[in-house]
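Numbering (our numbering), first residue to last: 714 to 787.
Right, here's the structure in full:
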């Protein structure tokens, strides 16, 4: 069974993969998808820095933004 840290790594990697596939910048995702005025959160969540990671609400918002199912992150 996959551990929690491995799970977070997979989710973060898939979030970054989707961003790159859709040719979006960190700034575009932060502002347009998540409503953040700073890129710091998205950058940290994609790289699991400073204890930041995407939660279920973030994944829901990202899935709607990319027009995909939330399962794409798992």
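Just so you know, even glycine gets a beta-carbon here, dropped at the ideal spot from N, CA and C.
Same chain, Cβ closer than 7 Å to residue 782, neighbours up to 5 away in sequence not counted: 776
Delimiting residues of the alpha helix (DSSP H) encompassing residue 766: Residue 766 -> no alpha helix (DSSP H), and no H or E assigned at all.
What residue does the alpha helix (DSSP H) around residue 731 start on, and which one ends it? 717-734
Would you kindly work out how many angstroms separate the C-alpha atoms of residue 723 and residue 742, rounded to a whole number? 19 Å
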